[in-house]
């Protein structure tokens, strides 16, 4: 494998006067204070880890809906990075806001329904007020990442069917419970998404860790995920620096957990799916 592409690192500015924190839900995430990473730090970490390119995900729990830093950061390294931001999809001006950020360089969007600072609330996903924004994504060919858990998968299904031209990427694999082991019946709601071909999945440190918990093993879990969805719909994301460890260590863990897959499947997961989702990464 020659190129590794990361679809889920974050960046945090060290200049709070220029990029003031304004976290979504009013509470800043612990990791963004404890393990901040500027774009320069990310590029250095990518060089150390042998990661060629990345789709950098805006930190909603640091900046809310202000995508200024992730856009400016990625625009400074256009040959290495693309920016994935967030807008208020329920706002009446969401379509115009999406176009403004795309004009500034945004290549993807993300809906953050909960996570490190708040319980998941999927009600905003399949809300008719969000449909005009989704129509704009469909027109522009912009993919949407969704941060939710199993509670939100029915809403994700409805959105994917309503907007079939929008590629939807589930952050952290949708956080399934895989600890019951084969045949992974507790994760059936995730596997039920397989027939919807515009739904993609991110393989991040969360599932890498869970693949060795309870009765789960990497040797049984990842082949089942690939068999169910196809490697062409799976992409690796580091979650650096949110997840502990260096980018090099996070990548090495992913390589180890996925080592039983074929070389072609790993090629898709570590680079080709990312290039399919974000065409700028294929240049």
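Residue numbers (full-length UniProt numbering): 1 to 283.
We treat Cβ as the ideally placed atom computed from N, Cα and C, and that holds for glycine.
Query	Result
Short Cβ contact (9 Å threshold) for residue 277 with residue 200	yes
Cβ neighbours of residue 88 in the same chain (closer than 7 Å, five flanking residues each side left out)	65, 94
First through last residue of the alpha helix (DSSP H) which encompasses residue 19	Where residue 19 is concerned, there is no enclosing alpha helix (DSSP H), given that its DSSP letter is neither H nor E.
Reference residue 56, options 50, 49, 150, 37, closest by Cα	37
Residue closest to residue 71, alpha-carbon to alpha-carbon, out of 53, 39, 52, 207	39
Close beta carbons around residue 54, own chain, < 6 Å, minus the five adjacent residues each side	6, 9, 81
DSSP-derived helix/strand/coil call for residue 212	coil
Buried versus exposed call for residue 180 [16 or more other C-beta atoms within 10 Å across all chains shown]	exposed
Cutoff 6 Å; reference residue 239; Cβ partners in own chain excluding five residues on either side	8, 204, 205
Segment contact flag, the segment 208 to 215 with the segment 260 to 280, C-beta cutoff 8 Å, min 3 pairs	no
Beta-bridge pairing of residue 6 - partner residues as DSSP gives them	54
Heavy atom of the ligand FAD within 8 Å of residue 26 beta-carbon	With respect to the ligand FAD, the structure offers nothing, as it holds no ligand at all.
Coarse secondary structure for residue 89, derived from DSSP in three states	coil
Given 8 Å, three or more beta-carbon pairs between the segment 171 to 188 and the segment 129 to 143	no
Reference residue 279, options 108, 155, 244, closest by Cα	108
Residue 252 versus residue 228: straight-line alpha-carbon distance, rounded	24 Å
Exposed unless 16 or more other CB atoms sit within 10 angstroms - verdict on residue 147	buried
Whole beta strand (DSSP E) elements within the segment 60 to 144, 3-residue minimum	81 to 85, 106 to 112
Distance CB(residue 99)-CB(residue 136) smaller than 9 Å	yes
C-beta neighbour in chain D for residue 75, strict 9 Å	No chain D appears in this structure, which consists of one protein chain only.
Beta-carbon spacing of residue 166, residue 125 below 9 Å	no
N-terminal and C-terminal residue of the alpha helix (DSSP H) that residue 269 is part of	Element bounds for residue 269: n/a, residue is neither H nor E.
Alpha-carbon spacing of residue 232 relative to residue 102, whole angstroms	26 Å
CB of residue 221 within 9 Å of CB of residue 112, strictly	no
Backbone secondary structure at residue 12 - three-state DSSP	coil
Test item: CB-CB of residue 235 and residue 169 under 9 Å	yes
Within 9 Å, strictly: CB atoms of residue 241 and residue 33	no
Beta-carbon gap between residue 189 and residue 153 smaller than 9 Å	yes
Coarse secondary structure for residue 254, derived from DSSP in three states	helix
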